[in-house]
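Structure, as structure tokens:
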């Protein structure tokens, strides 16, 4: 999968080599219920609580191309003028539809989090007696 993404680096600085996690969602509701289009400050938990940078946009173009047996697709999303291109196998992009509204959510991963994740994965391979985090 290939992604090209515009980010407003004046309000959310990102640098080459920086690690981050990203999600695309149709709704910010934790239970997956459709988004109403209105922001309610009722204190309900949402996916936005877990991320630092959130954009709301619209899928405006889908294109399919095939070369031999390999089927490729591209989707284009505009987040108020900041654009995203996703290119990959058609089967991975098949659930996207034209004019869908999408949320893009990003959170930077700190070195401490990366070390913790690596350590946790390593500890899963050893007994709990030999690994004290």
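In the numbering used here, the protein residues as written are 6 to 138. Even for Gly, the Cβ is constructed at its ideal location relative to N, Cα and C. Please read all numbers here as calculations on a predicted model, not as lab measurements.
Whole-angstrom C-beta distance between residue j and residue i, which should lie under 8 angstroms
i	j	result
residue 113	residue 79	No, residue 113 and residue 79 are not in contact; Cβ-Cβ is about 27 angstroms, not under 8 angstroms.
Cβ shell of residue i (< 6 angstroms), same chain only, five flanking positions each side left out
i	result
residue 60	84 and 109
residue 87	11
residue 24	114
residue 91	8 and 80
Where the beta strand (DSSP E) containing residue i begins and where it ends
i	result
residue 9	7–10
residue 26	25–30
Sequence-distant residues of its chain with Cβ nearer than 8 angstroms to residue i (five each side left out)
i	result
residue 39	31 and 32
residue 99	78
Residues bridged to residue i [DSSP beta-bridge criterion]
i	result
residue 94	77
residue 52	For residue 52, which the question treats as bridged, DSSP gives no partner whatsoever.
residue 60	109
Burial state of residue i, where buried means 16 or more other Cβ atoms lie within 10 Å
i	result
residue 62	buried
residue 82	buried
residue 103	exposed
residue 65	exposed
Neighbourhood of residue i by C-beta distance below 7 angstroms, restricted to the same chain and skipping five residues each side
i	result
residue 127	Its pLDDT being 43, under 50, residue 127 is placed unreliably in this model, and the coordinates cannot settle the point.
residue 111	25, 27, 56, 57 and 58
residue 95	69, 76, 77 and 78
residue 137	Unreliable positioning characterises residue 137 in this predicted model, as indicated by a pLDDT of 41, which lies under 50. The coordinate reading is nonetheless provided below. Cβ within range, chain order: n/a, list empty.
residue 20	none
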